[in-house]
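Since the structure comes first, as structure tokens, the remarks are kept for the end.
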Amino acid sequence: MRAFSKAPTPLLSGLTLAALTLLCPAVTHASGYRFGTQSAAAEGTANANGAEAADASTLFANSAGLLRLQRGWHVSSVLDVVDPKLRFVDAGSYLNGPNGSGLMPRTLSQPGATENPADKAYVPHLYAAYKASDSLAYGIGMFVPWGAKLDYSDQWGGRYNIRHVELKSIALNPTIAYKATEDLSVSGGLVFQYMEGKIERAVPYGTAYALGLLAAARQAAASGAQAYALQLQQQAAQVFGNAAFDGAVKVEGKDWGVGFNLALLWEPVKDQTRIGVTYRSSVGQALKGSGDWTQPSTLPAQVLAAITAAPYDGLGKLDHNDSGAQVRVRTPESLSLQVYQRVTPTVAVMADATWMKQSRLEQLRIDFDSSTPDSISPEHWKDTLRLALGANWQLTNELMLRAGVANERSPVPAHTRSPVLPDSHRTWATLGANWKFNGSTSVDLALGQIKLKDAAMDITDNAEGETPCNCSNATVRGNYTAKANFIGLQLNHKF
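Heads up: the sequence shown is residues -30 to -1, 1 to 465, going by mature numbering (1 follows the signal peptide of the UniProt record, and there is no 0).
Listed below in structure tokens is the structure:
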């Protein structure tokens, strides 16, 4: 922070990471910041059944499949229960002093300290479709595309990166499907996407306090008061990284955005072979809201004045005052190739390959309406490919069994993995069932587990050396282990 001089500003990367958390993910349910599934029928096959088109929830995976439904109204309501097990074991996180300050690193957490920041989530989705004729169908989906919630303890070793993050989102997707030829259906729709989120993190105001004490120590030494200078230096070492001088910042934002979806479903062999393609566009949004700062009462008045001063006050350049804030984001587009093949009268196999342009996320920038500088977080994400294989077995006229496996790559490079999004490669294993009560009503049940590859973290909030540095200079070191168990329940009804 620049509290008393032109020393580097330890502004918060958590604010730059705030941008990420305003859209970031179900940490253990899907790669990147995507919520992993929008249908219990799909969950039973690890999302391999995009070309199956068995109920109204096909609107998400392949909306051209709406034309495979019977004439009339169809409704599918879904509830996903996700129970993530995310554990972080600290390897010795610490706070670095600003370059040239002479402050020695301050330990923030002892090796072996643990955090369990994830909690159970309940996520609903709803679909309604109407097949008007053999060649025309339309519908609307209301589903959750992105979502996450992480709560770390107040004094954990990464508190200067994140303490709390929460994302809520909903998408409305009106869609129309048309049968172009006897064996080809096409579809398109609009996506109206709402997002709101918030992040809270600690602010190391002890750094500003320490820099002021060091400046006073230099003045004392220059005047010959060596003993007093030493006393001030010792006091600076004590307040630097001291939680008693921590403040906090909370950033909130929300916005609507518009995108579109396209799909086709080709059936070269009737009731046996289907091939589908689905495209979902990126959605651009400017999450606008507020940045609220809190300073501790333990700070001396002159330090507080420097922290809250605007540049024109002549006291400093932090301007840590409540103001508006926004971050511009663009969610990644996706392209899916889907195959359905009936191999016997009672057994079908399915596959899905989904590519996502996650490389859109190269950098995140959060802009405050005050004179506080923009906060920048390098991300350098990579495009991802998800491969899924599933099968259905019609055991009786009423009961169908499902199973699926999937492998999903993470877009997050190891060197930019952060406690805001501790993502890694994952595998899915799922089981499911569909029970038909009668010709109009059925229920889907899915059970599964997602296992993430163990992930090491060693990241310093220094904007990759960019200067001036709006960063805390805190290093988070440790290892994450993660898995998620989930249950999906879906009720389907034809009117």
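For each residue, glycine too, the CB sits at the ideal point set by N, CA and C. Remember, it's a predicted structure, so these values are computed and weren't measured experimentally.
C-beta contact flag for residue i and residue j at 8 Å
{"i": "residue 211", "j": "residue 273", "result": "no"}
{"i": "residue 386", "j": "residue 348", "result": "yes"}
{"i": "residue 221", "j": "residue 261", "result": "yes"}
{"i": "residue 468", "j": "residue 279", "result": "Nothing in the structure corresponds to residue 468, since the chain is present only between -30 and 465."}
{"i": "residue 39", "j": "residue 107", "result": "yes"}
{"i": "residue 318", "j": "residue 362", "result": "yes"}
{"i": "residue 370", "j": "residue 392", "result": "no"}
{"i": "residue 117", "j": "residue 103", "result": "no"}
{"i": "residue 23", "j": "residue 46", "result": "no"}
{"i": "residue 244", "j": "residue 21", "result": "yes"}
{"i": "residue 160", "j": "residue 230", "result": "yes"}
{"i": "residue 351", "j": "residue 331", "result": "yes"}
{"i": "residue 131", "j": "residue 444", "result": "yes"}
{"i": "residue 165", "j": "residue 224", "result": "yes"}
Nearest-angstrom Cα separation, counted from residue j out to residue i
{"i": "residue 288", "j": "residue 218", "result": "14 Å"}
{"i": "residue 31", "j": "residue 447", "result": "39 Å"}
{"i": "residue 153", "j": "residue 240", "result": "8 Å"}
{"i": "residue 73", "j": "residue 207", "result": "7 Å"}
{"i": "residue 398", "j": "residue 375", "result": "5 Å"}
{"i": "residue 16", "j": "residue 373", "result": "7 Å"}
{"i": "residue 194", "j": "residue 200", "result": "11 Å"}
{"i": "residue 418", "j": "residue 402", "result": "8 Å"}
{"i": "residue 169", "j": "residue 209", "result": "26 Å"}
{"i": "residue 436", "j": "residue 379", "result": "29 Å"}
{"i": "residue 324", "j": "residue 7", "result": "13 Å"}
{"i": "residue 151", "j": "residue 111", "result": "25 Å"}
{"i": "residue 249", "j": "residue 271", "result": "57 Å"}
{"i": "residue 142", "j": "residue 354", "result": "25 Å"}
{"i": "residue 408", "j": "residue 100", "result": "20 Å"}
{"i": "residue 4", "j": "residue 238", "result": "33 Å"}
{"i": "residue 431", "j": "residue 2", "result": "20 Å"}
{"i": "residue 308", "j": "residue 137", "result": "30 Å"}
{"i": "residue 242", "j": "residue 377", "result": "26 Å"}
{"i": "residue 420", "j": "residue 148", "result": "36 Å"}
{"i": "residue 460", "j": "residue 28", "result": "13 Å"}
{"i": "residue 290", "j": "residue 263", "result": "6 Å"}
{"i": "residue 43", "j": "residue 356", "result": "32 Å"}
{"i": "residue 246", "j": "residue 129", "result": "46 Å"}
{"i": "residue 155", "j": "residue 360", "result": "23 Å"}
{"i": "residue 321", "j": "residue 85", "result": "37 Å"}
{"i": "residue 414", "j": "residue 48", "result": "9 Å"}
{"i": "residue 158", "j": "residue 306", "result": "15 Å"}
Proximal residues to residue i (C-beta, below 8 Å), its chain only, five neighbours per side dropped
{"i": "residue 83", "result": "59, 60, 126, 127"}
{"i": "residue 124", "result": "133, 172"}
{"i": "residue 215", "result": "174, 175, 176, 179, 209, 266, 268, 269"}
{"i": "residue 410", "result": "463, 464, 465"}
Neighbourhood of residue i by C-beta, 7 Å cutoff - its chain only, sequence neighbours within 5 removed
{"i": "residue 412", "result": "404, 405, 406, 462"}
{"i": "residue 368", "result": "405, 406"}
{"i": "residue 364", "result": "316, 370"}
{"i": "residue 198", "result": "190"}
Neighbourhood of residue i by C-beta, 6 Å cutoff - its chain only, sequence neighbours within 5 removed
{"i": "residue 423", "result": "394, 395"}
{"i": "residue 337", "result": "296, 344"}
{"i": "residue 458", "result": "10, 13, 50, 416"}
{"i": "residue 79", "result": "60, 63, 127"}
{"i": "residue 121", "result": "87, 134"}
{"i": "residue 429", "result": "388, 446"}
{"i": "residue 91", "result": "52"}
{"i": "residue 163", "result": "141, 227, 253"}
{"i": "residue 67", "result": "73"}
{"i": "residue 339", "result": "293, 294"}
{"i": "residue 450", "result": "58, 392, 425"}
{"i": "residue 95", "result": "8, 48, 113"}
{"i": "residue 494", "result": "As shown, the chain starts at -30 and ends at 465. That puts residue 494 outside it, with no answer to give."}
{"i": "residue 75", "result": "64, 66"}
{"i": "residue 119", "result": "136"}
Residue i CB to nearest heavy atom of the ligand MG below 7 Å
{"i": "residue 129", "result": "Within the structure as shown, the ligand MG is missing, as the structure has no ligands at all."}
Starting from the N-terminal side, write out each stretch of the beta strand (DSSP E) that is 3 residues or longer and does not extend beyond the stretch 192 to 241. 216 to 239
Check whether the stretch 28 to 42 and the stretch 229 to 237 are in contact - that is, three or more C-beta pairs closer than 8 Å. The stretch 28 to 42, when compared against the stretch 229 to 237, does touch it at the 8 Å Cβ threshold.
Considering only residues of the stretch 414 to 452, which uninterrupted alpha helix (DSSP H) runs meet the minimum length of 4 residues and lie entirely inside it, listed in chain order? none
Jot down the residue ranges of each uninterrupted beta strand (DSSP E) in the stretch 135 to 200, minimum 3 residues, whole runs only, in chain order. Counting only runs of 3 or more, we get 154 to 174.
Using 8 Å as the threshold, is the stretch 454 to 461 in touch with the stretch 50 to 59, meaning 3 or more CB pairs across them? At 8 Å Cβ cutoff, the stretches touch.
4-residue-minimum alpha helix (DSSP H) runs that sit fully inside the stretch 328 to 361, ordered along the chain: none
Is it true that the stretch 157 to 175 meets the stretch 183 to 195, where meeting means three or more beta-carbon pairs spaced less than 8 Å apart? no
Taking 8 Å as the cut-off, does the stretch 250 to 264 touch the stretch 198 to 206 (at least 3 CB pairs, one atom from each stretch)? For the pair of segments examined, the stretch 198 to 206 was found not to touch the stretch 250 to 264: the number of CB pairs separated by less than 8 Å stays below three.
Complete runs of the alpha helix (DSSP H) confined to the stretch 236 to 316 [at least 4 residues]: Complete alpha helix (DSSP H) runs here, min 4: 271 to 278.
Give the list of continuous beta strand (DSSP E) stretches no shorter than 3 residues that lie fully inside the stretch 21 to 75. 42 to 60
Beta strand (DSSP E) runs contained entirely in the stretch 358 to 418, provided each spans 3 or more residues: 369 to 378, 396 to 406
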